[in-house]
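**Student:**
Protein chains: 2
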Amino acid sequence: MTTQVYSRWDHLTPVERQVLRGVFWSGAASRGALADTLGFSKSRLNAVVSNLVVGGLLQELGPLSSTGGRRAEHLALAPDLGVLACVDLGATSLHVALVAPTMTVLAERREVADVRHGPGRVMQRVKTLLGDLLAEQRLRPEDVLAVGMGVPGPVEVHSGLLVSPPIMPGWEGFSIREDLAGLVDAPVLVDNDVNVLALGELWHARQPAGDFLVVKVGTGIGCGIVSGGRIYRGADGAAGDVGHICVDPLGPRCHCGNVGCVEAMAAGPAVARDARRAAEAGESERLAEVLAETGRLEPPDVARAAREGDAVALAIVQRSGQLVGMMLASLVNFFNPSHIVLTGGIVGMGPLWLASIRQSVYGRSLALSTRHIEIRPSTLGERGGVLGAAALGLLGVLDRGGRP
Amino acid sequence: MTTQVYSRWDHLTPVERQVLRGVFWSGAASRGALADTLGFSKSRLNAVVSNLVVGGLLQELGPLSSTGGRRAEHLALAPDLGVLACVDLGATSLHVALVAPTMTVLAERREVADVRHGPGRVMQRVKTLLGDLLAEQRLRPEDVLAVGMGVPGPVEVHSGLLVSPPIMPGWEGFSIREDLAGLVDAPVLVDNDVNVLALGELWHARQPAGDFLVVKVGTGIGCGIVSGGRIYRGADGAAGDVGHICVDPLGPRCHCGNVGCVEAMAAGPAVARDARRAAEAGESERLAEVLAETGRLEPPDVARAAREGDAVALAIVQRSGQLVGMMLASLVNFFNPSHIVLTGGIVGMGPLWLASIRQSVYGRSLALSTRHIEIRPSTLGERGGVLGAAALGLLGVLDRGGRP
Numbered sequence: 000m001t002t003q004v005y006s007r008w009d010h011l012t013p014v015e016r017q018v019l020r021g022v023f024w025s026g027a028a029s030r031g032a033l034a035d036t037l038g039f040s041k042s043r044l045n046a047v048v049s050n051l052v053v054g055g056l057l058q059e060l061g062p063l064s065s066t067g068g069r070r071a072e073h074l075a076l077a078p079d080l081g082v083l084a085c086v087d088l089g090a091t092s093l094h095v096a097l098v099a100p101t102m103t104v105l106a107e108r109r110e111v112a113d114v115r116h117g118p119g120r121v122m123q124r125v126k127t128l129l130g131d132l133l134a135e136q137r138l139r140p141e142d143v144l145a146v147g148m149g150v151p152g153p154v155e156v157h158s159g160l161l162v163s164p165p166i167m168p169g170w171e172g173f174s175i176r177e178d179l180a181g182l183v184d185a186p187v188l189v190d191n192d193v194n195v196l197a198l199g200e201l202w203h204a205r206q207p208a209g210d211f212l213v214v215k216v217g218t219g220i221g222c223g224i225v226s227g228g229r230i231y232r233g234a235d236g237a238a239g240d241v242g243h244i245c246v247d248p249l250g251p252r253c254h255c256g257n258v259g260c261v262e263a264m265a266a267g268p269a270v271a272r273d274a275r276r277a278a279e280a281g282e283s284e285r286l287a288e289v290l291a292e293t294g295r296l297e298p299p300d301v302a303r304a305a306r307e308g309d310a311v312a313l314a315i316v317q318r319s320g321q322l323v324g325m326m327l328a329s330l331v332n333f334f335n336p337s338h339i340v341l342t343g344g345i346v347g348m349g350p351l352w353l354a355s356i357r358q359s360v361y362g363r364s365l366a367l368s369t370r371h372i373e374i375r376p377s378t379l380g381e382r383g384g385v386l387g388a389a390a391l392g393l394l395g396v397l398d399r400g401g402r403p
Numbered sequence: 000m001t002t003q004v005y006s007r008w009d010h011l012t013p014v015e016r017q018v019l020r021g022v023f024w025s026g027a028a029s030r031g032a033l034a035d036t037l038g039f040s041k042s043r044l045n046a047v048v049s050n051l052v053v054g055g056l057l058q059e060l061g062p063l064s065s066t067g068g069r070r071a072e073h074l075a076l077a078p079d080l081g082v083l084a085c086v087d088l089g090a091t092s093l094h095v096a097l098v099a100p101t102m103t104v105l106a107e108r109r110e111v112a113d114v115r116h117g118p119g120r121v122m123q124r125v126k127t128l129l130g131d132l133l134a135e136q137r138l139r140p141e142d143v144l145a146v147g148m149g150v151p152g153p154v155e156v157h158s159g160l161l162v163s164p165p166i167m168p169g170w171e172g173f174s175i176r177e178d179l180a181g182l183v184d185a186p187v188l189v190d191n192d193v194n195v196l197a198l199g200e201l202w203h204a205r206q207p208a209g210d211f212l213v214v215k216v217g218t219g220i221g222c223g224i225v226s227g228g229r230i231y232r233g234a235d236g237a238a239g240d241v242g243h244i245c246v247d248p249l250g251p252r253c254h255c256g257n258v259g260c261v262e263a264m265a266a267g268p269a270v271a272r273d274a275r276r277a278a279e280a281g282e283s284e285r286l287a288e289v290l291a292e293t294g295r296l297e298p299p300d301v302a303r304a305a306r307e308g309d310a311v312a313l314a315i316v317q318r319s320g321q322l323v324g325m326m327l328a329s330l331v332n333f334f335n336p337s338h339i340v341l342t343g344g345i346v347g348m349g350p351l352w353l354a355s356i357r358q359s360v361y362g363r364s365l366a367l368s369t370r371h372i373e374i375r376p377s378t379l380g381e382r383g384g385v386l387g388a389a390a391l392g393l394l395g396v397l398d399r400g401g402r403p
């Protein structure tokens with residue numbers, strides 16, 4: 000590895016970048032499938048691949064081709080390209096990982112965090128954890144190929160700066176890129192957390208194609224939009240800010256100043272608040288017990304009480320699902336996605352919550368849009384954020400070369 | 000013209016098609032601007048252009064270039080390429096036009112229609128009107144380069160067939176393409192009316208770029224979506240079906256079976272129904288007068304009464320605008336469009352209605368999404384549909400050649 004890592008990515012031709020992107024999206028693709036996908040003749044592909052193997056960017060895998068002489072049929076990114084440093088920062092959590100270019104997680108750390116503590120304190124933890132992981136893996140900062148990071152606020156993608164992040168006081172105009180320059184001498188790619196999650200789902204789907212949504216329901220509610228296989232950002236980079244869609248014109252007031260926002264009525268804090276209110280009002284013995292025993296009531300506690308037959312807890316879970324489903328029904332009518340992936344802490348509420356969402360969407364959306372739609376939790380689970388950040392970093396290097 | 004029209008479009012190379020598309024989008028572009036847009040060197044562009052001029056597809060316009068020898072600087076599609084037969088079918092209206100490839104309307108007819116009469120009767124009128132217009136312009140069916148048609152229902156674009164059109168009984172599976180084959184021997188392109196309107200707006204913007212919405216409010220409410228300069232159709236071609244987005248969970252029942260759909264509460268029939276109810280209940284003298292005098296109350300009547308100071312009429316206009324604005328606010332939060340173009344019969348309700356929409360969107364959408372957003376009526380006015388249909392037909396020929 001070492002600094003040679005960078006030089007391998009410089010001076011790549013557009014066609015070489017295209018082949019590398021094709022290998023990334025396909026996982027370990029066969030030459031035949033890759034040539035088909037890229038619209039290349041097999042001989043043209045082989046010529047480009049030979050250069051990339053010699054240049055140390057691709058490796059050949061698997062049995063030798065039966066027809067093509069002594070060439071191995073399958074291709075993957077070279078194993079010694081360096082590692083991707085991946086950061087998934089949520090409103091109340093921090094997940095840091097080292098990921099190989101083949102998208103294998105090599106090492107990771109998760110801990111609670113609070114973005115409201117500001118960039119100084121939070122980024123110090125990020126750097127500490129990254130340093131620990133590198134040491135653990137016996138890697139040096141020079142071995143980091145790129146940093147990818149998702150943050151819970153709007154990002155101006157070219158600069159990597161946060162733009163008026165509503166739940167991140169003190170971060171406006173803070174340069175994560177400059178802050179990390181002291182740790183690693185590699186490109187730093189920053190994007191909104193739901194866009195990063197959507198990139199992870201795109202990678203998982205093994206192709207940069209399709210129209211679908213990735214909806215994160217946790218402390219807030221946000222949506223990553225995939226249109227034609229690309230992350231859709233909107234005219235000002237603000238697309239997907241669905242938490243303040245109104246689901247009840249007579250609903251309670253939200254911190255944004257409006258009434259009836261789905262985030263204020265159905266996200267994690269709303270579920271916790273409703274459960275605490277029911278416990279304190281003596282409406283639910285089960286919830287009151289949990290509150291008395293642990294001093295807290297979080298969405299998973301409410302879901303457990305609902306599964307155990309508590310009617311009040313069940314009503315809270317169903318109400319949250321119904322409201323999220325109403326918001327999604329509007330998006331389905333408008334965007335007609337092939338599927339919706341649900342992620343974020345509250346997804347842990349489980350099947351009762353999901354069933355309420357599905358019921359609400361099927362009931363409120365038009366037949367043509369719901370004929371084939373699938374609504375399911377992310378199969379990447381808690382690793383969706385760091386895997387998306389790895390894809391962000393790697394694609395960033397592929398797009399613009401390896402220098403910071 | 001004659002049958003030679005077809006042969007000019009056959010055997011075009013991909014690069015030639017690209018240059019023709021560039022000329023179409025730019026209007027009468029200068030060679031310099033066109034080369035920049037396409038990323039061609041000037042000499043490469045000039046070589047392609049020479050072929051296209053010789054082939055009778057392009058014409059040179061304007062003063063001779065000061066630097067390039069005897070070459071005229073500006074380019075346009077050749078004037079004798081034939082005409083585009085354009086049809087804009089609404090739920091209750093029919094607009095037919097002949098349009099030159101330079102997008103000049105040569106002749107047109109508008110009349111009331113009712114799609115519920117079924118394809119036989121409606122298409123007979125389409126063919127009669129097209130025949131009349133051709134005769135009036137002393138053109139023959141062979142002079143028609145392509146037919147473009149917008150219809151008020153979902154269309155399977157490749158086949159041109161209507162798919163479960165909710166307000167078009169009898170049209171399901173009807174082939175407009177085959178029906179028109181008896182009249183003209185040219186490609187027939189069919190799409191949903193709002194997608195056609197969006198294509199017209201894209202042409203008007205002079206570039207196939209941007210993220211914006213075209214919202215038609217008339218008998219129903221529909222939305223054409225432009226994402227990255229292309230019409231976005233969704234996973235099943237059902238995108239933009241926004242009329243059944245819920246704006247009031249306690250609202251009245253819609254014909255779709257749900258409650259509180261924006262279409263049922265704010266489109267033309269709802270405004271007419273509310274006005275008639277107020278007139279009959281003696282709540283508004285002005286509306287009662289109009290009803291007594293003319294026997295009917297349409298949205299423009301309500302808007303006129305509102306402008307003349309009738310408080311009940313004003314409340315009806317504002318309520319419609321407020322509800323359409325609530326629906327648009329959800330779309331703005333999700334899609335972050337640069338602008339929203341309003342079109343359809345009810346847009347004639349005028350500035351009071353528009354002001355209520357804007358107020359509702361600005362009040363309900365997030366600051367980042369509304370910082371630059373523009374909400375305005377279409378500048379193409381009533382010709383938006385036929386101009387969009389012209390663009391649909393011409394781009395269809397550019398994509399696949401001139402044979403039917």
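Residue numbers (numbering that gives the first Met the number 0), protein chains in the order written: chain G, 0 to 403; chain L, 0 to 403. Note that beta-carbon positions come from the ideal geometry of N, C-alpha and C, so glycine has one too.
1. Counting Cβ pairs closer than 8 Å, one from the segment 104-121 of chain L and one from the segment 79-93 of chain L, do we hit at least three?
2. With burial defined as no fewer than 16 other Cβ atoms inside 10 Å of the residue's Cβ, what is the status of Gln3/L: buried or exposed?
3. Quick one, are the C-beta atoms of Ala277/L and Leu322/L less than 9 Å apart?
4. Just the C-alpha distance for Phe23/L and Ser329/G, rounded to the nearest angstrom, thanks.
5. If you draw a straight line from the alpha carbon of Thr1/G to that of Arg7/G, how long is it in whole angstroms?
6. At a Cβ threshold of 9 Å, is Arg229/G touching chain L?
7. So Ser364/L and Val331/L are in contact, right, with Cβ under 8 Å, and what is the actual spacing, rounded?
8. Does DSSP put Thr2/L in a helix, a strand or coil?
9. Kindly indicate the opening and closing residues of the alpha helix (DSSP H) around Val216/G.
10. With burial defined as no fewer than 16 other Cβ atoms inside 10 Å of the residue's Cβ, what is the status of Gly172/L: buried or exposed?
11. Is Val187/L closer than 9 Å to Ala234/L when the C-beta atoms are compared?
12. In the DSSP assignment, what residue or residues form a beta bridge with Asp87/G?
13. Does the Cβ of Pro100/L have 16 or more other Cβ atoms within 10 Å, making it buried, or fewer, making it exposed?
14. Using a Cβ-Cβ cut-off of 7 Å (strictly less than) and excluding sequence neighbours within five positions of Leu128/G, which residues of its own chain qualify?
15. Using C-beta distances below 6 Å, list every residue in its chain close to Leu313/G, excluding the 5 sequence neighbours before and after it, in chain order.
16. Leaving out the 5 sequence neighbours to the left and right, which residues in its chain are closer than 6 Å to Gly250/G when beta-carbon positions are compared?
17. Return the chain-ordered ranges of every beta strand (DSSP E) run that is complete within the segment 311-357 of chain L and spans a minimum of 3 residues.
18. Enumerate in chain order the residues of its own chain whose CB-to-CB distance from Ser226/G is below 6 Å, with the five nearest sequence positions on each side excluded.
19. Would you call the segment 198-205 of chain G and the segment 383-397 of chain G in contact, with 3 or more CB pairs under 8 Å?
20. Quick check on the burial criterion: 16 or more other C-beta atoms within 10 angstroms. Buried or exposed for His243/G?
21. What do you reckon, are the CB atoms on Val404/L and Val48/L nearer than 9 Å?
22. Helix or strand or just coil, what does DSSP make of Leu249/L?
23. Could you tell me whether the Cβ of Val213/G comes closer than 9 Å to any Cβ of chain L?
24. For the beta strand (DSSP E) that Pro376/L lies in, which residues bound it at each end?
25. Is it a yes or a no for the segment 80-88 of chain L touching the segment 134-150 of chain L, going by three-plus beta-carbon pairs under 8 Å?
26. Going by the C-beta, is Ala234/L closer than 8 Å to any heavy atom of the ligand MG?
27. For the putative contact between Leu367/L and Pro153/G, defined by C-beta atoms under 8 Å, what is the C-beta separation to the nearest angstrom?
28. For the beta strand (DSSP E) containing Ser226/G, name the first residue and the last one.
29. In chain order, what residues of the same chain have a beta carbon less than 8 Å from the beta carbon of Ala112/G, not counting five sequence neighbours either side?
30. Is DSSP giving Arg303/G helix, strand or coil here?
31. In whole angstroms, what separates the C-alpha of Arg137/G from that of Leu74/G?
32. For Asp192/L, does the count of other Cβ atoms within 10 angstroms reach 16, so buried, or fall short, so exposed?
33. Which residues of chain L have a Cβ atom closer than 8 Å to the Cβ of Gly233/G, listed in chain order?
34. Closer than 9 Å, Cβ to Cβ, to anything on chain C: give me those residues from the segment 315-328 of chain L, in chain order.
35. Between the Cα of Gly380/L and those of Leu76/L, Leu341/L, Gly181/L, Met325/L, spot the shortest distance and give me the residue it belongs to.
**Tutor:** Well, looking at it:
1. yes
2. Working through the second sequence from its first residue, we reach residue 3/L at position 4. Here Gln3/L scores only 49 on pLDDT, less than 50, and its place in the model is too uncertain to base an answer on.
3. The count along the second sequence starts at 1 and reaches residue 277/L at position 278. The count along the second sequence starts at 1 and reaches residue 322/L at position 323. No, Cβ-Cβ distance for Ala277/L and Leu322/L is not below 9 Å.
4. Taking the first residue of the second sequence as 1, we reach residue 23/L at position 24. Taking the first residue of the first sequence as 1, we reach residue 329/G at position 330. Near 35 Å, if we compare the C-alpha coordinates of Ser329/G and Phe23/L.
5. Here the question's residue 1/G lines up with position 2 in the first sequence. Here the question's residue 7/G lines up with position 8 in the first sequence. The pLDDT assigned to Thr1/G is 44, lower than 50, so where the model puts this residue is not dependable; a value taken from the coordinates is nonetheless given after this. When rounded, the distance between both Cα atoms is 11 Å.
6. As a first step, residue 229/G is located in the first sequence; it is residue number 230 there, counting from the start. Closer than 9 Å to some Cβ of chain L, the Cβ of Arg229/G qualifies, so yes.
7. Within the second sequence, the letter at position 365 stands for residue 364/L. Within the second sequence, the letter at position 332 stands for residue 331/L. Indeed they touch by this definition, with Cβ atoms about 4 Å apart.
8. Within the second sequence, the letter at position 3 stands for residue 2/L. With a pLDDT of 45 at Thr2/L, under the threshold of 50, the modelled position of this residue cannot be trusted; read the value that follows with caution. Reduced to three states, the DSSP call for Thr2/L is coil.
9. Numbered from its first residue, the first sequence carries residue 216/G at position 217. First-last for Val216/G: 211-216, but that is the beta strand (DSSP E), not the alpha helix (DSSP H).
10. Walking along the second sequence from the start, residue 172/L turns up at place 173. Exposed, by the Cβ-count rule.
11. On the second sequence, residue 234/L is found 235 positions in, with the first residue counted as 1. On the second sequence, residue 187/L is found 188 positions in, with the first residue counted as 1. Their beta carbons are not under 9 Å apart, which means Ala234/L does not touch Val187/L by this criterion.
12. As a working mapping, residue 87/G is identified with position 88 in the first sequence. Answer by DSSP bridge pairing, in chain order: His94/G, Gly149/G.
13. Numbered from 1 along the second sequence, position 101 holds the residue referred to as residue 100/L. Buried is the call here.
14. The residue labelled residue 128/G in the question sits at position 129 within the first sequence. Only Val95, Arg108 meet the Cβ criterion.
15. Counting from one through the first sequence, the residue named residue 313/G turns up at place 314. Taken in chain order, the residues that qualify are Ala305.
16. Translated into positions along the first sequence, residue 250/G becomes position 251. Around Gly250/G: Val258, Gly259, Met264.
17. 338-342
18. The residue given as residue 226/G occupies position 227 in the first sequence. Result list for Ser226/G: Asp210, in chain order.
19. yes
20. On the first sequence, residue 243/G is found 244 positions in, with the first residue counted as 1. Buried, because 16 or more other Cβ atoms sit within 10 Å of the Cβ of His243/G.
21. The structure shown has nothing for residue 404/L, since chain L only spans 0 to 403.
22. By 1-based counting over the second sequence, the position of residue 249/L is 250. If DSSP states are grouped into helix, strand and coil, Leu249/L belongs with coil.
23. Reading the first sequence from its first residue, position 214 is the one you call residue 213/G. Output row for Val213/G: interface = no.
24. Along the second sequence, read from residue 1 onward, the residue named residue 376/L stands at position 377. 373-376 is the span of the beta strand (DSSP E), which, as asked, contains Pro376/L.
25. yes
26. What this structure holds is no ligand at all, so the ligand MG is not there to describe.
27. The residue labelled residue 367/L in the question sits at position 368 within the second sequence. The residue labelled residue 153/G in the question sits at position 154 within the first sequence. Going by Cβ atoms, the distance from Leu367/L to Pro153/G rounds to 6 Å, so yes, they are a contact pair.
28. By 1-based counting over the first sequence, the position of residue 226/G is 227. Element bounds for Ser226/G: 220-226.
29. Position 113 of the first sequence holds residue 112/G. Counting only Cβ-Cβ distances below 8 Å, and skipping sequence neighbours, we find Leu88, Gly89, Thr91, Ser92, Leu93, Val121, Arg124.
30. To locate residue 303/G, count along the first sequence from 1; it is residue 304. Looking at Arg303/G - three-state DSSP - the assignment turns out to be helix.
31. As a working mapping, residue 137/G is identified with position 138 in the first sequence. As a working mapping, residue 74/G is identified with position 75 in the first sequence. Taking the straight line joining both Cα atoms gives about 27 Å.
32. Here the question's residue 192/L lines up with position 193 in the second sequence. That one is buried.
33. Indexing the first sequence from 1 puts residue 233/G at position 234. Residues of chain L passing the Cβ test: Asp210, Phe334, Asn335, Pro336, Ser368.
34. Included in the structure are the protein chains G and L, with no chain C among them.
35. Here residue 380/L corresponds to residue number 381 of the second sequence, with the count starting at 1. Cα-wise, what sits closest to Gly380/L is Leu341/L.
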